[in-house]
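Residue numbers (this note's numbering): 852 to 1041. Just so it is clear, CB atoms sit at the ideal spot from N, CA and C, and this is done for glycine as well. Everything numeric in this text was worked out from a predicted model, so none of it was measured.
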């Protein structure tokens, strides 16, 4: 019995007029990709500032609540534009993206980064008033900052690796990679 995949959906998506137009556009795809990278810099930069404060590696004298008040609007703006532009990049080449090992890794890492941020804000950050002015923050806050830095470094690396075709279904013959990418007989080597 064949397992269910999203391949039929992404193949349909690739056949839509919008996807074809975006993929074939001389200017739109590179502009969207550039916007994605620029907002990634905004998001990653502001996130790193917050994470460095959580780790005690910078802005140690500034209360954490002051930092989050100033940075969160920029982080949310960068994240919203980054997700929107990323969705458009996926829409332009959905089959290749879906079957890219690095894209799949990036999606998993994004989910983990989101879970880390949610756990931080729903957990230890609720008691920020008690440790807001401390130069060395509680261990759970430091761990959230470290995990965030590691996850975002891996997300950025995975995102960059998506551009390379080393493991594309029509290029690789390695069975493990073919399986991880969800390649089918019709789009991989025999």
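CB of residue i within 7 Å of CB of residue j, strictly
i            : j            : result
residue 861  : residue 976  : no
residue 995  : residue 971  : yes
residue 960  : residue 1028 : no
residue 897  : residue 926  : yes
residue 999  : residue 957  : no
residue 953  : residue 1013 : yes
residue 1033 : residue 867  : no
Cutoff 7 Å; reference residue i; Cβ partners in own chain excluding five residues on either side
i           : result
residue 872 : none
residue 887 : 933, 936, 937 and 940
residue 853 : Any answer about residue 853 is weak, because its pLDDT of 44 lies below 50 and its placement is not dependable; what the coordinates show is given next. Here the set comprises nothing.
residue 883 : 936, 939 and 940
Residues near residue i in its chain [Cβ-Cβ closer than 6 Å; skip 5 each side]
i           : result
residue 983 : 914, 915 and 916
residue 981 : none
Residue burial classification, residue i (beta-carbon count within 10 angstroms, cutoff 16)
i            : result
residue 1024 : exposed
Beta-carbon contacts of residue i that lie in its chain and below 8 Å, excluding the five residues immediately before and after
i           : result
residue 900 : 909, 910, 918 and 922
residue 942 : 864, 869, 870 and 873
residue 986 : 907, 911 and 912
Cα-Cα separation between residue i and residue j, rounded to whole angstroms
i            : j           : result
residue 1041 : residue 864 : No answer about residue 1041 holds up, because its pLDDT of 43 lies below 50 and its placement is not dependable.
residue 962  : residue 968 : 10 Å
residue 988  : residue 904 : 9 Å
residue 997  : residue 964 : 11 Å
Segments assigned alpha helix (DSSP H), at least 4 residues, entirely inside the stretch 960–1034: 979–982, 990–1012 and 1026–1032
Going along the chain, which unbroken runs of the alpha helix (DSSP H) with 4 or more residues stay wholly within the stretch 857–910? 858–865, 868–875 and 879–906
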